[in-house]
Each structure stands twice: as C-alpha cells, then as structure tokens.
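Numbering (our numbering), first residue to last: 37 to 519. Cβ coordinates follow ideal geometry from the N, Cα and C atoms, glycine included. These notes are about the structure you will find just below.
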Ligand SMILES: Nc1nc2c(ncn2[C@@H]2O[C@H](COP(=O)(O)OP(=O)(O)OP(=O)(O)O)[C@@H](O)[C@H]2O)c(=O)[nH]1
Ligand SMILES: [Mg+2]
C-alpha cells in the first residue's frame with residue numbers, strides 16, 4: 037500500500053544545507069510526539085521519525101512483524117520491560133526513508149484517542165531512545181531532508197490551522213502545486229540570465245561587451261513590476277488568511293449585542309434594556325460561504341461621564357480601525373439622531389451599511405423616519421434582531437463586500453504570510469534600485485550586481501535555500517507539537 041502518497045519518488049526538491057552559523061539540530065536523533073489533538077477521540081496517533089523508529093516499533097509491538105514499508109499491522113502495544121502489560125490495541129504504519137513525510141524512517145502508531153493511553157505509548161517510545169519532538173519538528177525535518185520547500189512547510193501549518201475552506205484551499209494550492217515557489221524559481225532563473233552577461237563583461241572586459249544599459253534597466257523594471265503585481269494579487273487573498281472583520285457600531289441600546297447574537301445564532305453577548313450594557317469588545321467568528329467572518333460587538337457610542345464607558349468607547353474606535361467593514365446599527369423606531377450622523381461622518385471605511393434594527397416596532401409599511409440625509413449615501417438594511425427578519429440581507433451584504441475584495445481561491449492562487457510578504461517587498465526594492473542604477477550610464481556596471489545579488493538572496497530566503505537557524509526557528513516555532 038502506498039500510504040498517503042508519501043512513496044512517490046522523485047518529488048524531493050533537494051536537501052538543504054544549513055547556513056553558516058546555523059547549528060544542526062541533530063537529524064540523527066529519533067523524535068516522537070503525539071500527533072493528534074488532546075481530548076477523547078476515536079483515534080490517537082503517535083508518530084516516530086528517525087533511524088531508530090523501526091527498532092522502537094519492533095520493541096513495542098507485542099508480536100514480531102516483518103516491517104515491510106507501506107504496510108500496516110494490527111496488534112497490541114506492550115511495555116517491553118513487562119511484556120504481559122498491554123497498553124493499547126493499535127494499527128502500526130511503517131514508512132521507509134526517503135518515502136515518508138519527513139524523508140526518514142517513520143512509524144505511526146494509531147491507537148485509541150485517549151490522552152492517558154497516548155501518553156503511555158509516547159513514554160514507551162522515549163524510553164526506547166526517542167526524544168520528544170519540538171513544535172513543527174516533523175515538518176522541519178521534511179524540509180531539511182528536501183521533501184518540501186520552506187513555503188510548502190508554511191502551507192502545512194496554514195492547512196493545520198485553517199479556519200475556513202478558503203484558507204484551507206489556498207494552503208493546499210501551494211502545498212500541491214508549489215504555486216509561489218514555482219513562480220519565484222522562474223523569476224530567479226530570469227534574474228540569473230540578466231546577471232550573467234553583466235558579470236561576464238566585468239570579468240572579461242576585453243572579450244565581452246557591456247550589455248545595453250537601457251534595455252537592462254527596462255528588463256529590471258519589468259521584473260520589479262512583476263513582483264509588485266504578485267504582491268497585489270496575493271493581497272486580495274489576505275481575507276482568506278486573516279478572515280473578514282465586521283464591526284457593529286451604534287448608540288447604546290440600538291441592539292448591537294442582540295444583532296451580534298442573532299447573526300452568530302448563539303447567545304454570546306449580554307443584552308439588556310440598560311444603555312451602556314456592553315463595555316468591552318467582543319469577537320466571535322462564523323463561516324460565511326467558506327470565508328471566516330469575525331463579528332465584533334462594541335460599546336455603544338454616546339457622551340458619557342462613566343469612566344468605564346469612556347474606556348469602552350476607546351476600544352470601539354480601535355476595533356473600527358482593525359475592521360474591514362462596519363455595520364452602523366440604529367433603533368429604527370427612534371430614527372437617526374444628530375449623534376448618529378456625526379459618528380457616521382467619521383466612518384471612512386469603504387464598506388459601511390446602515391442597519392435599521394427593531395423594525396418589528398415599526399408599522400410594517402412605514403419607512404424609517406428621517407433617514408434621507410444618509411440613505412442616499414449608504415445602503416440601508418431593515419432588520420429585527422428579535423424576530424430574525426432581514427438577517428439574510430446582512431449576510432448577503434457581507435458576502436458582497438468579501439467578493440469585492442477580489443478574493444481568488446483557484447488552483448494557482450497565492451496567499452502570503454508576513455515573512456513572505458516582507459521578503460517580496462524587499463525583493464521589489466532591490467530590483468528597483470538595480471534598475472535605476474542600470475539606467476544611469478555614469479554608474480559603474482558592477483553597482484548593478486549588488487542589488488541584483490540582494491534580490492536573488494531574497495528569493496533564496498523565501499524558498500529556504502541556505503536557511504539560517506533564526507529563519508527556521510521563526511517558521512517552525514509557530515507549529516504545534518506532532519506536526
Ligand atoms: N423590539 C426589539 N427590541 C430589540 C431588538 N434588538 C434589541 N432589542 C432590545 O433593545 C435593548 C438593547 O439591546 P442591546 O442589544 O443590549 O443593545 P446594544 O446596542 O448592545 O446596547 P449597548 O451594549 O448598551 O451599547 C434590549 O432590551 C433588547 O431586547 C429588536 O430587533 N426588536
Ligand atoms: Mg451591547
């Protein structure tokens with residue numbers, strides 16, 4: 037059996053040499069961890085990777101098995117020190133280097149999902165010479181052994197922590213198609229092709245002519261623009277990574293918390309008829325057509341002498357700054373006040389809608405009073421948090437705002453994390469600087485190679501070629517143990 041496709045040879049992207057100054061973290065050791073989340077579950081998995089993995093499995097398995105890679109075996113785990121003590125009935129999965137997730141010999145013990153039992157099995161693995169894995173260490177080994185590049189390792193983490201289908205799809209797109217790495221590798225090749233004649237003309241001035249400066253400058257500008265476009269395309273997909281934040285604003289008692297609860301379909305926030313009930317910012321997420329939406333309930337805005345309320349309102353404004361969209365809630369039975377219009381004029385967000393709540397209190401056909409001043413500028417949604425009427429219009433409005441961000445979740449789509457974004461921004465800057473130097477005929481040509489080499493180094497950094505321990509730590513420390 038070829039388990040989970042790990043046995044496909046020829047997929048390796050080449051093993052990685054750690055950069056100078058990077059201490060090798062002992063790839064010779066055998067690591068073990070519980071790979072499944074804590075708590076009672078159907079199955080609990082203990083994963084062991086390294087040269088001792090098979091030996092450990094043979095010691096812990098209650099019957100002797102031939103250990104053929106890609107097979108799984110049914111049996112019992114026992115304590116080799118007291119073989120009659122049976123720990124759990126399990127399936128044992130066997131992988132042979134390099135055809136495993138980590139690229140090393142790996143065994144997986146699939147037992148019952150009990151914290152106690154998983155801990156016992158793990159302790160037995162440690163007693164047999166494994167060491168406890170650090171966070172992300174299995175994926176780190178997959179990277180160090182050349183099974184995946186650094187962006188794929190980051191996608192593994194994105195996938196494990198995905199909170200929406202959009203986020204999961206973007207992670208699998210890069211994991212499977214290496215969409216980001218592939219494009220950057222192509223750029224790398226193009227830049228090396230530009231650099232070669234420059235270096236040749238510097239090294240052999242008598243034999244090789246200088247490349248045409250204007251043409252070189254133009255080509256470098258094009259590449260810089262290409263990186264800018266990549267950043268812009270990826271920016272649109274940030275919503276999939278970070279989710280879409282919608283803040284509820286309005287005067288006290290408008291029904292923000294009631295609406296918050298109604299939209300979430302759970303009794304999350306306290307609702308009372310006392311103005312100034314909500315003091316703090318409350319957030320809760322839900323899935324809207326595959327995208328994670330975070331709803332933010334806030335303290336009502338009004339002139340107040342209460343110190344607590346004033347602090348709460350300060351948080352309201354901060355929540356507004358972090359939000360992608362705002363729903364301004366008013367009590368439709370009372371209409372808009374001067375305070376409302378003053379606050380509305382402060383909302384500079386692209387996506388703002390006016391929510392006329394408590395519409396159940398209005399005679400069904402009467403329009404909300406005195407809206408005209410704002411309604412021709414803002415979409416108005418008539419709802420009742422109490423009866424649920426109009427809620428679907430709010431979901432639709434949020435969906436429309438998300439669509440307008442240009443979110444694209446196709447096979448080749450790219451989303452960037454902060455590290456990758458930072459590297460790409462620097463890459464674009466280096467290319468711009470190379471282009472402008474190339475364009476000035478008074479500048480010596482070797483001044484172009486400096487930023488160009490820096491640009492190549494940024495690509496190396498994103499892909500994890502020549503990684504430093506610091507870069508690896510920053511990437512893998514965010515993982516959970518067992519992944
Ligand atoms: N009839 C009716 N009453 C509502 C509706 N929504 C909220 N209310 C009532 O309005 C009062 C205030 O509701 P809240 O949700 O606490 O208002 P809020 O905007 O969160 O108020 P603060 O937290 O003080 O800023 C409560 O008594 C709710 O039961 C609605 O759609 N119809
Ligand atoms: Mg409230």
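I believe residue i touches residue j by the beta-carbon criterion, under 8 Å. Please report the beta-carbon distance rounded to the nearest angstrom.
| i | j | result |
| --- | --- | --- |
| residue 150 | residue 187 | Incorrect: roughly 36 Å between the Cβ atoms, too far for contact. |
| residue 500 | residue 185 | 6 Å |
| residue 161 | residue 84 | 5 Å |
| residue 511 | residue 190 | 6 Å |
| residue 93 | residue 66 | So it is not a contact: roughly 11 Å between Cβ atoms. |
| residue 487 | residue 470 | 4 Å |
| residue 13 | residue 397 | In this structure the chain extends from 37 to 519, so residue 13 is not present and cannot be described. |
| residue 419 | residue 425 | 6 Å |
| residue 296 | residue 331 | 6 Å |
| residue 35 | residue 203 | A question about residue 35 goes unanswered here, because the residues of the chain that appear run from 37 up to 519. |
| residue 441 | residue 272 | 6 Å |
| residue 317 | residue 280 | Actually they are not in contact, since the Cβ atoms of residue 317 and residue 280 sit about 17 Å apart, beyond 8 Å. |
My output table needs one value for residue i: the three-state DSSP class, helix, strand or coil.
| i | result |
| --- | --- |
| residue 124 | strand |
| residue 418 | strand |
| residue 395 | helix |
| residue 500 | coil |
| residue 87 | coil |
| residue 512 | helix |
| residue 57 | Confidence at residue 57 is low in this model, with a pLDDT of 40, below 50, so its placement is unreliable and no value can be given for it. |
| residue 291 | coil |
| residue 137 | coil |
| residue 246 | coil |
| residue 338 | coil |
| residue 237 | helix |
| residue 10 | No answer is possible for residue 10: the residues shown for the chain start at 37 and end at 519. |
| residue 279 | coil |
| residue 361 | strand |
| residue 153 | helix |
| residue 330 | strand |
| residue 286 | strand |
| residue 167 | strand |
| residue 390 | strand |
| residue 74 | coil |
| residue 80 | strand |
Roughly how many angstroms lie between the CA atoms of residue i and residue j, to the nearest whole one?
| i | j | result |
| --- | --- | --- |
| residue 102 | residue 132 | 13 Å |
| residue 47 | residue 114 | Note on residue 47: pLDDT 37, under 50, position unreliable in the model; the coordinate value appears next. Taking the straight line from one Cα to the other gives about 37 Å. |
| residue 495 | residue 305 | 47 Å |
| residue 170 | residue 517 | 6 Å |
| residue 197 | residue 514 | 10 Å |
| residue 340 | residue 382 | 19 Å |
| residue 417 | residue 195 | 36 Å |
| residue 57 | residue 301 | For residue 57, the predicted model reports a pLDDT of 40, less than 50, meaning its position is unreliable and no value from the coordinates is stated. |
| residue 458 | residue 320 | 29 Å |
| residue 59 | residue 180 | Legend: pLDDT at residue 59 = 38, less than 50; position of this residue unreliable, no value from coordinates given. |
| residue 140 | residue 116 | 24 Å |
| residue 243 | residue 224 | 26 Å |
| residue 507 | residue 430 | 43 Å |
| residue 466 | residue 229 | 17 Å |
| residue 436 | residue 221 | 36 Å |
| residue 163 | residue 200 | 39 Å |
| residue 380 | residue 392 | 14 Å |
| residue 349 | residue 282 | 17 Å |
| residue 213 | residue 137 | 17 Å |
Taking 7 Å as the cut-off, is the beta-carbon of residue i closer than that to any non-hydrogen atom of ligand 3?
| i | result |
| --- | --- |
| residue 394 | For the structure depicted, ligand 3 is absent and the ligand set comprises only ligand 1 and ligand 2. |
What residue range does the beta strand (DSSP E) around residue i cover?
| i | result |
| --- | --- |
| residue 69 | 67-70 |
| residue 368 | Segment: none, residue 368 is in no beta strand (DSSP E) and carries neither H nor E. |
| residue 375 | Taken as a continuous stretch (DSSP letters only), residue 375 belongs to no beta strand (DSSP E), being part of the alpha helix (DSSP H) at 374-382. |
| residue 438 | That residue, residue 438, is in no beta strand (DSSP E); its alpha helix (DSSP H) goes 427-440. |
| residue 320 | 318-324 |
| residue 111 | 108-115 |
Which residues bound the alpha helix (DSSP H) around residue i?
| i | result |
| --- | --- |
| residue 348 | 343-358 |
| residue 469 | 454-475 |
| residue 309 | Residue 309 -> no alpha helix (DSSP H), and no H or E assigned at all. |
| residue 451 | It is not in any alpha helix (DSSP H) - residue 451 carries neither H nor E in the DSSP assignment. |
Under 8 Å, Cβ to Cβ, is there at least one residue of chain D near residue i?
| i | result |
| --- | --- |
| residue 453 | This model lacks chain D altogether, as it is built from one protein chain only. |
Point to revise | Meets three-Cβ-pair contact criterion under 8 Å: the stretch 201-220 and the stretch 434-451 | key: The stretch 201-220, when compared against the stretch 434-451, does touch it at the 8 Å Cβ threshold.
Check your understanding: Does the pairing of the stretch 465-476 with the stretch 239-256 give three or more beta-carbon distances under 8 Å?
Key -> At 8 Å Cβ cutoff, the stretches touch.
Point to revise | Contact between the stretch 103-111 and the stretch 66-82 (3+ Cβ pairs under 8 Å) | key: In short, these stretches do not touch, since the Cβ pair count stays below three.
Check your understanding: Looking at C-beta atoms only, is the number of pairs between the stretch 228-244 and the stretch 343-357 that lie closer than 8 Å three or more?
Key -> No, because fewer than three Cβ pairs between the stretch 228-244 and the stretch 343-357 fall closer than 8 Å, the two stretches do not touch.
Practice item. Taking 8 Å as the threshold, find out whether the stretch 360-370 comes into contact with the stretch 341-348 through three or more Cβ pairs. Key: Below 8 Å, too few C-beta pairs join the stretch 360-370 and the stretch 341-348 to call them touching: fewer than three.
Check your understanding: Does the stretch 310-318 come close enough to the stretch 283-295 that 3 or more CB-CB pairs lie under 8 Å?
Key -> Contact between the stretch 283-295 and the stretch 310-318 is established, with three or more Cβ pairs separated by less than 8 Å.
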